[in-house]
Structures are given as C-alpha cells and as structure tokens.
Amino acid sequence: MTMNHARALKKLAADKLVKAIDEDVARLVAHTRARGGPEGAAQVLPPLLRRWNCVVQTEDALVPAHARQIITLALAIVLHQYGLADPRLSEQARNAIDALNAGVILSDDFCRQSEAIKHTFLDSAPAPLKRSPSRPDDTTFYRAGDVIAIRLDRHVYAAYVHHCAELNESPVVEFYDAVFARPPTLAELNGLQARGETCNDGTTRAARFSVAGLKYLPDPAHQVTLVQGAVEQPPYSQHLARPVGLYAMSDIFELQQVLEHLFPHTSGGQ
C-alpha cells in the first residue's frame, strides 16, 4: 500500500496533536494566500515554529523527549502535505525517527515503515498545493474570566479573557502591563494595570483583541497556559482612554505581531 500523509501521521498515535498542527498550518497557509503574498515555507515556518517551539524546545522535565520528537516529525509531515518543506526541520524529523525507533516508542509497523516515511516526506520535494485550504473553525475552550499566560520567545505575557467574540469562538483578551520569564501566578497579577495601545495621535487607549485559533485547553503547543479560571477582576484600565472600537480582530499567529507592538522593548526575543 502506498504511503501517504494520512497513513504516516496515523502511525504517530497522536491524532489530537496532529489535528492541532494541521489546523495551525491550514490557518497560516489560508491567511498567506488570502493576502496575495508570496507562498512558501519562508512565510509559514517562522510564525509556526515560534508557537510550536514552546514545546519542542522546552526544558520542562514533564515533557519527555519522545513527545517533542513526535511533534517535530508531525510538523514536517503536515507541512509536506501542504506543499511546504524546510531542510532544517526535515533533518530534525529524520533524527526524531531514529530516536523514536531507538527508544521503541511507537509500533513495530512505524519502525518497519520508517525508511519509507523518510523517503516520501523528508527526502522528496512536496507537490505544490493546488488550492487554498479551508480556514479552520474558531471554536475555543476558553471562557470569560480565564486568566492566561502566553509565551513568545523568552518572554511570557498575561491576558484576561473578557468574553468570546461569538458563542464559544475567538476569546477577546486584554493584556496585563507586565512581562515575565515564566507563567505568573494570580497573586503576581493582582492589582496590575492593563497594557494600553499608543495610537498615532499619542493617546494611549485600552486595547482588546479577539484571538481566532486560541482553541485548546491545555494548549498542545504549550504556548498558552491557564493561570486561573473564573477570575472576576480584570486588569485595571481606567487610566487608559476609551478604545476606538470594541476590539481588534486577530488570530493565534497575528498575536505575535500584537505583542511586539504592545511590548516593543521585548520584541525579537530580547
């Protein structure tokens, strides 16, 4: 039987993880095509890895090496399915296959098919994507009153979920005016002001963002963690001017630029 992407991904025994990665790649590819910009790994890979490297490169002992290896391989295969490839990621995926087999982590069938997986998805150029993928739904498991921590590069930002833009879709968040090296506790956030957005006229206004793709709880990429749920008090924002609109629309990847804009002193992982 011919090896295809679905069969290879099934052998990873991580269906929910694969689904989450597939949704992220589809969201990025669809967004890139909708903007009419150049297509390719150079546009998709950087934001994708800034998110998924939170778990792939974690030093958390609770995330075993084999889990990171499975994620690395899944990323490479899913990207190949969408007509994309990256030499560095492909090499990391080859090493992941060898490590998974050495540790006898997956099935005998995975071990037997390893060379076919390498040849088909890591050594061979992907076929160009013929049409734009469907945009994933914006379902979320986050709720009003959730306080969350969001990692980007070496920094962690905290946000308060005010409500969802639609029923159980796209949480609307407001950021605390603080930056951390690790997910904060609620006690560390108590009494903090909200981070405002400075507009062209010099006015600093309250800033809220709906985040499509902020879906899973817990987040399989380990980028977003729940600090605490059912928190009644949002960050203090009375010092900020009223916003121009109710909230700005964003998604889990555009949030990277949002954070760099709101916290320019931390951009670039400094």
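Sequential numbering from 0 applies to the sequence shown in numbering that gives the first Met the number 0.
Where is the CB? At the ideal position from N, CA and C, for every residue including glycine.
No experiment lies behind these values; they were computed from the predicted model shown.
Where residue i falls: helix, strand or coil (DSSP)
i	result
PHE109	helix
GLU231	coil
PHE208	strand
SER249	strand
ALA220	coil
ALA193	strand
GLY268	Since pLDDT at GLY268 reaches only 45, below the 50 mark, its modelled position is unreliable, and no value is offered.
VAL103	coil
LEU61	coil
VAL226	strand
THR138	strand
THR119	helix
Option in the options with minimal Cα separation from residue i
i	options	result
SER209	ARG142, ALA12, ALA73	ARG142
PHE120	GLU168, ARG93, SER131	ARG93
VAL24	GLU259, LYS10, VAL172, ALA41	ALA41
ARG32	ARG130, GLY201, GLN255	ARG130
CYS75	LEU99, VAL54, LEU48	Note that residue 75 is Ala in the sequence shown, not Cys. With distances taken between Cα atoms, ALA75 lies closest to LEU48.
HIS79	LEU254, TYR235, LEU128	LEU128
ARG153	ARG181, ALA186, GLN237	ARG181
ALA189	PRO45, ASP122, ALA177	A small correction: the amino acid at residue 189 is Asn; Ala does not occupy that position in the sequence shown. With distances taken between Cα atoms, ASN189 lies closest to ALA177.
ARG50	GLY201, GLY228, GLU22, GLY35	GLU22
VAL155	GLU187, PRO135, LEU166	GLU187
First through last residue of the beta strand (DSSP E) which encompasses residue i
i	result
ASP176	168-179
VAL146	146-151
Element boundaries [alpha helix (DSSP H), containing residue i]
i	result
CYS53	40-55
VAL28	14-34
HIS65	64-80
HIS161	Looking at the DSSP string, HIS161 is not in any alpha helix (DSSP H); the run it does join, the beta strand (DSSP E), is 154-165.
HIS238	No alpha helix (DSSP H) contains HIS238, which DSSP labels as neither H nor E.
HIS4	4-9
8 Å contact criterion, which residue i and residue j should meet: CB distance rounded
i	j	result
ALA206	LEU261	7 Å
LEU239	THR203	6 Å
Contacting residues, own chain, Cβ-Cβ under 7 Å from residue i (five flanking each side not counted)
i	result
MET2	GLN112, ALA115, ILE116, THR119
GLU168	ASP137, THR138, THR139
Residue-level contact to chain D via CB, residue i, 8 Å cutoff
i	result
HIS238	Looking for chain D here will not work: only one protein chain is present.
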